[in-house]
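Right, one structure below, let's go through it.
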Amino acid sequence: MKIPILYNLRSLRARPTSTLATAFGMALVVAVFIGMMALSVGFQAALVKTGSTDNVLVLRRGADSEMTSGISRDVANAIAAYPFVAKDAAGQPLVSPETFVVVGMQRRTGGMANVVIRGVSLAAFDVRSGIQITEGRTFRPGSGEIIIGRTLVERLPNTEIGASLPFGGRQWQVVGHFEAGGSSFESEVWGENELFMPVFRGQVFQTIALRMQDPEAFDGVAETLEADPRLGVDAHLERDFYANQGTLLGGLLRFMAVFVAGVMAIGAVFGAINTMYSAVDSRANEIGVLLTLGFKPRSVLASFVVESMMIALVGGFIGCLMALPINGLVTSTTNWNSFSEVAFAFRVTPGLLATGMSFALIMGLIGGYFPARRAAHKPIVEALREVGS
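First residue of the sequence shown: 46, per my numbering; consecutive thereafter.
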């Protein structure tokens, strides 16, 4: 025979202060856990969105980042001539040879930010189809014009349309702002590769992005490129490459989320234990009556565990509500592979909310078990004596 849930609800209403205090402690743990996990998820999502499964990213053999790569113009021309490269409506290969350099710039709020300066050709807007000009226009070849990702506009001075942004020993005119679906490209400055190349790196590109005719043929494309002795390159599926760039930092952020929330959870669990022990002590007479009426010890144990998990459920719900406002909040961190600043948004996903609720229920289960076990194993003679006293 099971003890009705209504019994537990009435018990919680009888102890509103301790119940809410315990629930709020769990809510803080859940909110911190979700917030830190949302930071990791947002960072990883920004890098995953940067790449496409239709594109191949080509780097110098052995290079583990765009910054350490170098590809000559002859190699870029040879890659563009391969038949597996997709072509635009005019029959031109969808290949984007790119320069890549990181430059220190002053933030609006003070301090320095490491900003990616990416040199591209106009073909890059077809290869990377998610790029959209939101204000102004794109740069004109040979003009010394640049366009700026939307998150940089909010963080750097001299990024308004018509302003001049100094780097590389000269002034560059801002003619447009762009979005890239929330990817890390939105933290970059784009201009013409032919102008950036002599300013920063001489006559070499850092990477080549190409669109494949058949997105399912990546393995064959990579094998062909890497086997060509003229090239000396490694080929990566673009989405996988950028996703792997965030593996180390994303893993560290997830570890910190679990560690910090775990330390806080210990305090929350002890709070639940104290609350439930207090409930057991104050309801010794009720426990005696329940046992006398024929309820099994396991039913008493289950009832008190359920009561603790009810408190945890309330705490988890409050914690989720506390975490929701940070969804979409933009922050930034350093991509350790390129040492550049990447702006991204916190992402509070339904999966994270479900994980937070599960975390709360686990705390409630642990916090309620030992007091519930004490209640269930209370000797019936002792319980009856307390009833009569």
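Ideal Cβ positions, reconstructed from N, Cα and C, are used throughout, including at glycine.
C-beta atoms of Leu397 and Ala83 nearer than 8 Å: Within the sequence shown, numbered from 1, the residue matching residue 397 stands at position 352. Within the sequence shown, numbered from 1, the residue matching residue 83 stands at position 38. In this structure, Ala83 lies closer than 8 Å to Leu397 by Cβ.
What number of angstroms, rounded off, separates the C-alpha of Ala254 from the C-alpha of Asn100? Position 209 of the sequence shown, counting from 1, holds the residue named residue 254. Position 55 of the sequence shown, counting from 1, holds the residue named residue 100. Spanning the two alpha carbons is a distance of roughly 7 Å.
By the 10 Å Cβ neighbour count, where 16 or more other Cβ atoms means buried, how is Ile124 classified, buried or exposed? As a first step, residue 124 must be located in the sequence shown, where it is residue number 79. The residue is buried, with at least 16 neighbouring Cβ atoms inside 10 Å.
Give a yes or no on contact between the region 255–265 and the region 93–113, applying the rule of three or more CB pairs nearer than 8 Å. yes
Do you know how far the Cα of Phe362 is from the Cα of Gly433? The residue labelled residue 433 in the question sits at position 388 within the sequence shown. The residue labelled residue 362 in the question sits at position 317 within the sequence shown. Confidence in Gly433 is poor, its pLDDT being 47 and thus under 50, which makes the residue's placement unreliable; the coordinate value appears in the next sentence. Distance between the alpha carbons of Gly433 and Phe362: 40 Å.
Is it the case that the region 300–320 contacts the region 129–145, given that we only count it when at least three CB pairs across the two stretches are under 8 Å? no
Buried versus exposed call for Thr379 [16 or more other C-beta atoms within 10 Å across all chains shown]: Position 334 of the sequence shown, counted from the first residue, corresponds to residue 379. When all chains shown are included, Thr379 counts as exposed.
Let's see if you can read the secondary structure: which residues bound the alpha helix (DSSP H) around Gly87? Here residue 87 corresponds to residue number 42 of the sequence shown, with the count starting at 1. Here the alpha helix (DSSP H) through Gly87 covers Pro61 to Thr95.
Using 10 angstroms around the beta-carbon of Ile451, count the other beta-carbons present and answer buried if the total reaches 16, otherwise exposed. The shown model of the chain, from 46 to 434, leaves out residue 451, and the question about it has no answer.
Residues bridged to Lys132 (per DSSP): Sequence index remark: in the sequence shown, residue 132 carries index 87 (1-based). Beta-bridge pairing links Lys132 to Pro138.
Flag this pair as yes or no: are the beta carbons of Gly295 and Glu237 separated by less than 8 Å? Reading the sequence shown from its first residue, position 250 is the one you call residue 295. Reading the sequence shown from its first residue, position 192 is the one you call residue 237. No. Outside cutoff.
Residue(s) in a DSSP beta bridge with Asp279: One-based indexing of the sequence shown puts residue 279 at position 234. BP columns for Asp279 point to Leu104.
Where do the N-terminal and C-terminal ends of the beta strand (DSSP E) with Met157 fall, by residue? For this step, residue 157 is matched to residue 112 along the sequence shown. Met157 to Val165 is the span of the beta strand (DSSP E), which, as asked, contains Met157.
Rounded C-beta distance between Gly373 and Val75? I'm assuming under 8 Å. Translated into the one-based positions of the sequence shown, residue 373 becomes position 328. Translated into the one-based positions of the sequence shown, residue 75 becomes position 30. Not confirmed; about 19 Å, so no contact.
Less than 8 Å between the beta carbons of Ser232 and Gly194, yes or no? Locating residue 232 in the sequence shown gives position 187, where the first residue counts as 1. Locating residue 194 in the sequence shown gives position 149, where the first residue counts as 1. Yes, the Cβ-Cβ distance between Ser232 and Gly194 is below 8 Å.
Relative to the C-alpha of Leu234, which residue among Gly80, Asn159 and Arg392 is closest? Sequence index remark: in the sequence shown, residue 234 carries index 189 (1-based). Note on residue identity: the sequence assigns Val, not Leu, to residue 234. Minimum Cα-Cα distance from Val234 among the listed residues Gly80, Asn159 and Arg392 corresponds to Asn159.
Three or more beta-carbon pairs under 8 Å between the region 295–311 and the region 112–119, yes or no? no
Taking a contact to mean a Cβ-Cβ separation below 8 Å, would you say Ala417 touches Leu346 in this structure? For the purposes of this step, residue 417 is taken as residue 372 along the sequence shown, with counting starting at 1. For the purposes of this step, residue 346 is taken as residue 301 along the sequence shown, with counting starting at 1. For Ala417 and Leu346, yes; Cβs fall inside 8 Å.
Pick helix, strand or coil for Ile50, following the three-state DSSP scheme. Stepping through the sequence shown from its first residue, residue 50 is reached at position 5. Three-state DSSP puts Ile50 in a helix.
Terminal residues of the alpha helix (DSSP H) in which Ala446 lies: Only positions 46 to 434 of the chain appear in this structure, which leaves residue 446 out of reach.
Cα separation between Leu210 and Leu201? Sequence index remark: in the sequence shown, residue 210 carries index 165 (1-based). Sequence index remark: in the sequence shown, residue 201 carries index 156 (1-based). Roughly 10 Å between the two C-alpha positions.
Report buried or exposed for Glu268, applying the criterion of at least 16 other Cβ atoms within 10 angstroms of its Cβ. Here residue 268 refers to the residue found at position 223 of the sequence shown. It is exposed - the Cβ of Glu268 has fewer than 16 other Cβ atoms within 10 Å.
Whole-number beta carbon distance between Ser228 and Ala390, since they are thought to touch under 8 Å: As a working mapping, residue 390 is identified with position 345 in the sequence shown. As a working mapping, residue 228 is identified with position 183 in the sequence shown. Their Cβ separation, rounded to whole angstroms, is 11 Å, which puts Ala390 and Ser228 out of contact at 8 Å.
Reference Ala121, options Glu199, Gly189, Arg275 and Phe245, closest by Cα: Taking the sequence shown and counting its residues from 1, the one referred to as residue 121 is at position 76. Of Glu199, Gly189, Arg275 and Phe245, the smallest CA-CA separation from Ala121 is found for Arg275.
Contacts around Ile116, its chain only, beta-carbon distance under 8 Å, and the 5 residues preceding and following it disregarded: Along the sequence shown, read from residue 1 onward, the residue named residue 116 stands at position 71. Once the five neighbours on either side are set aside, the close Cβ partners of Ile116 are Val103, Leu104, Arg105, Pro142, Val249, Phe250, Gln251, Thr252, Ile253 and Val278.
Look up Leu374 in the DSSP assignment and say whether it is helix, strand or coil. For the purposes of this step, residue 374 is taken as residue 329 along the sequence shown, with counting starting at 1. Three-state DSSP puts Leu374 in coil, outside helix and strand.
Beta-carbon spacing of Ile311, Gly80 below 8 Å: Here residue 311 refers to the residue found at position 266 when the sequence shown is read from its first residue. Here residue 80 refers to the residue found at position 35 when the sequence shown is read from its first residue. No; because the gap between Cβ atoms is not below 8 Å, this pair is not in contact.
Are there 16 or more other CB atoms within 10 angstroms of the CB of Phe78, so buried, or fewer, so exposed? By 1-based counting over the sequence shown, the position of residue 78 is 33. It is buried - the Cβ of Phe78 has at least 16 other Cβ atoms within 10 Å.
State yes or no: is the C-beta of Ile409 within less than 8 Å of the C-beta of Leu73? For this step, residue 409 is matched to residue 364 along the sequence shown. For this step, residue 73 is matched to residue 28 along the sequence shown. It should be pointed out that residue 409 corresponds to Gly in this sequence rather than to Ile. Cβ distance not < 8 Å, so Gly409 and Leu73 don't count as in contact.
Please report the distance separating the alpha-carbon of Val244 from that of Gly213. By one-based count along the sequence shown, residue 244 stands at place 199. By one-based count along the sequence shown, residue 213 stands at place 168. Whole-angstrom Cα-Cα distance: 6 Å.
DSSP three-state label for Ser251, please. Numbered from its first residue, the sequence shown carries residue 251 at position 206. Sequence inspection shows Gln at residue 251; the Ser mentioned does not correspond to that position. Reduced to three states, the DSSP call for Gln251 is coil.
For Leu54, I'd like the list of residues in its chain whose CB is within less than 8 Å of its CB, leaving aside the five on either flank, ordered along the chain. Counting from one through the sequence shown, the residue named residue 54 turns up at place 9. Answer for Leu54: Met355, listed in chain order.
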